[in-house]
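J.: Okay, here's the structure, questions in a sec.
Residue numbers (the numbering used here): 4 to 353.
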């Protein structure tokens with residue numbers, strides 16, 4: 004008997020005590036949330052990370068400790084532990100030793116800062132400049148069943164009207180999800196238990212990203228004195244590097260050269276399938292002047308029609324709400340689609 008099934012443990016909800024309006028409303032909100040999962044998510048880890056992560060399997064700390072597939076579904080618990088366990092997992096100061104949850108992020112900005120933070124707080128290399136022990140796993144969520152991932156905000160909102168929801172839980176919720184361009188929301192998504200990711204992900208080291216030019220695109224990461232901060236540093240970067248009044252990045256290659264460099268990083272670090280979406284992400288993290296059609300012509304000239312179609316907004320499912328760093332990612336994807344359709348129409352009429 005296979006005690007480690009390939010299927011993940013989905014976040015399920017069913018009526019436990021008969022139907023009522025409140026439960027119908029909860030189920031409806033969860034269903035809507037499951038449809039808003041971004042296609043690409045990142046997991047940052049090192050040897051000190053809880054659980055276990057590889058390009059084959061991702062285990063929660065509880066799954067690794069108990070050697071089972073963690074069928075203890077967060078949303079189906081009847082012992083009132085759900086709200087506290089979720090809160091303790093999301094609040095880094097109270098991170099439980101054996102959490103059933105695994106965190107992911109849709110923000111490349113946050114993922115990179117998290118990697119630098121992990122490296123600084125718990126260094127694994129003798130050379131402080133060596134980031135080769137920090138890994139970033141990029142996953143395609145479209146390869147998993149609905150309910151495999153849930154947004155942290157959706158999970159917390161599910162528990163907000165329960166009696167076990169405490170004042171500290173609500174205070175954290177209000178702080179994390181307060182609306183605004185520079186909020187303390189970081190695009191966090193959760194999975195639970197055991198996840199088979201083989202063939203559905205790609206991985207690189209933070210050192211490889213840096214070697215290929217990450218800091219040239221994102222110079223705000225270079226200052227090592229900021230590596231020891233996480234949430235506050237991400238908020239600071241949003242305020243200083245993504246504000247409309249800020250000057251563009253000093254790294255001013257031509258648009259075509261910037262595209263080639265971004266695509267090279269994506270291909271070298273994650274592979275051909277992941278190159279275009281990652282290139283859009285890293286370019287979106289770069290303070291740049293408004294882009295011309297030459298930028299999108301350069302992208303369209305590198306990738307096939309099928310690859311461009313996979314990077315269309317309806318396929319990427321980008322949620323840029325309260326994530327200013329994902330705003331350009333979303334806009335670039337939309338403009339690339341419009342440019343592709345315009346070019347195809349022009350060719351058809353020629």
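Note that the Cβ used here is the ideal one computed from N, Cα and C, for glycine as well.
Return the first residue and the last residue of the alpha helix (DSSP H) that residue 64 is part of.
T.: From DSSP, the alpha helix (DSSP H) with residue 64 extends over 64 to 69.
J.: Determine the DSSP secondary structure at residue 205, reduced to helix, strand or coil.
T.: Reduced to three states, the DSSP call for residue 205 is strand.
J.: Please say whether residue 142 and residue 193 have beta carbons closer to each other than 7 Å?
T.: Not in contact: residue 193 and residue 142 (Cβ atoms no closer than 7 Å).
J.: Just mark residue 304 as buried or exposed, buried being the case when its beta carbon has 16 or more other beta carbons within 10 Å.
T.: Exposed: under 16 other Cβ atoms inside 10 Å.
J.: Which of the three DSSP states is assigned to residue 15 in this structure?
T.: In the structure shown, residue 15 sits in coil (DSSP, three-state: anything other than H, G, I, E or B).
J.: Taking only the alpha-carbon atoms, compute the straight-line gap between residue 55 and residue 296 and give it to the nearest angstrom.
T.: Looking at the two C-alpha atoms, the distance is approximately 44 Å.
J.: Roughly how many whole angstroms lie between the Cα atoms of residue 73 and residue 299?
T.: Here the model assigns residue 73 a pLDDT of 47, short of 50, so the residue's position is not dependable, and the following value carries that caveat. C-alpha separation (whole angstroms): 45 Å.
J.: Suppose you measure from the CA of residue 170 to the CA of residue 234; what does that come to, to the nearest Å?
T.: So the alpha carbons of these two residues sit roughly 22 Å apart.
J.: Could you give the distance in angstroms between the alpha-carbon of residue 35 and the alpha-carbon of residue 324?
T.: One C-alpha to the other measures close to 15 Å.
J.: Under a Cβ-count criterion, where at least 16 other Cβ atoms within 10 Å of its own Cβ denotes burial, should residue 349 be classed as buried or exposed?
T.: Classification for residue 349: exposed.
J.: Can you tell me whether residue 143 is helix, strand or coil according to DSSP?
T.: If DSSP states are grouped into helix, strand and coil, residue 143 belongs with the strands.
J.: When you compare only the Cα positions, how much space is there between residue 29 and residue 155?
T.: When rounded, the distance between both Cα atoms is 15 Å.
J.: Considering just the uninterrupted stretch of the beta strand (DSSP E) at residue 195, what are its terminal residues?
T.: 191 to 195 is the span of the beta strand (DSSP E), which, as asked, contains residue 195.
J.: Taking contact to mean 3 or more Cβ pairs, one atom from each stretch, closer than 8 Å, check whether the segment 162 to 179 and the segment 50 to 64 are in contact.
T.: No, the segment 162 to 179 does not touch the segment 50 to 64.
J.: What is the DSSP secondary structure of residue 287, counted as helix, strand or coil?
T.: Note: residue 287 maps to helix in three-state DSSP.
J.: Assuming contact is defined by CB atoms lying nearer than 7 Å, are residue 61 and residue 198 in contact in what I supplied?
T.: Contact: yes.
J.: Using the Cα positions of residue 210 and residue 218, report the straight-line distance between them to the nearest angstrom.
T.: Using only the alpha carbons, I get a separation of about 11 Å.
J.: Restricting to Cα atoms, I'd like to know which of 231, 114 and 340 is closest to residue 316.
T.: Of the listed residues, the one whose Cα sits closest to residue 316 is 340.
J.: Based on the DSSP secondary-structure assignment, which residues constitute the bridge partners of residue 55?
T.: Looking at the DSSP assignment, residue 55 forms a beta bridge with 62.
J.: Would you kindly work out how many angstroms separate the C-alpha atoms of residue 122 and residue 347, rounded to a whole number?
T.: If I take the Cα positions, the gap works out to 47 Å.
J.: In angstroms with no decimal places, state the Cα-to-Cα distance between residue 333 and residue 320.
T.: Residue 333 and residue 320: Cα-Cα distance of roughly 9 Å.
J.: Helix, strand or coil for residue 166? Go by DSSP, reduced to three states.
T.: The answer is coil: DSSP assigns residue 166 none of H, G, I, E or B.
J.: Just reading off the beta strand (DSSP E) that residue 44 is part of, what are its end residues?
T.: Run containing residue 44: 43 to 48, per the beta strand (DSSP E) assignment.
J.: Is the Cβ-Cβ distance between residue 215 and residue 271 less than 7 Å?
T.: Yes, the pair counts as a contact, with Cβ atoms nearer than the cut-off.
J.: Applying the 10 Å Cβ sphere with the 16-neighbour rule, what's the burial state of residue 280?
T.: It is buried - the Cβ of residue 280 has at least 16 other Cβ atoms within 10 Å.
J.: With residue 244 as the anchor, note down where its alpha helix (DSSP H) starts and where it stops.
T.: That run of the alpha helix (DSSP H) goes 234 to 244.
J.: Distance check for residue 267 and residue 274, CA to CA, integer angstroms please.
T.: When rounded, the distance between both Cα atoms is 9 Å.
J.: For chain B, is any of its Cβ atoms less than 7 Å away from the one on residue 212?
T.: Looking for chain B here will not work: only one protein chain is present.
J.: Quick check on DSSP: helix, strand or coil for residue 158?
T.: Here residue 158 sits in helix by DSSP.
J.: For residue 11, does the count of other Cβ atoms within 10 angstroms reach 16, so buried, or fall short, so exposed?
T.: By the neighbour-count rule (16 or more Cβ atoms within 10 Å), residue 11 is buried.
J.: Thinking just about the alpha-carbon of each residue, which of 86, 241, 38 and 221 is nearest to the one in residue 168?
T.: Cα-wise, what sits closest to residue 168 is 86.
J.: Since residue 138 sits in a beta bridge, which residues does DSSP pair it with?
T.: According to DSSP, residue 138 bridges with 48 and 208.
J.: Rounded to whole angstroms, what is the Cα-Cα separation between residue 302 and residue 351?
T.: Their Cα atoms are separated by approximately 20 Å.
J.: Which residues mark the beginning and the end of the beta strand (DSSP E) in which residue 108 is found?
T.: Taken as a continuous stretch (DSSP letters only), the beta strand (DSSP E) holding residue 108 covers 104 to 108.
J.: List the residues that DSSP assigns as beta-bridge partners of residue 327.
T.: According to DSSP, residue 327 bridges with nothing at all.
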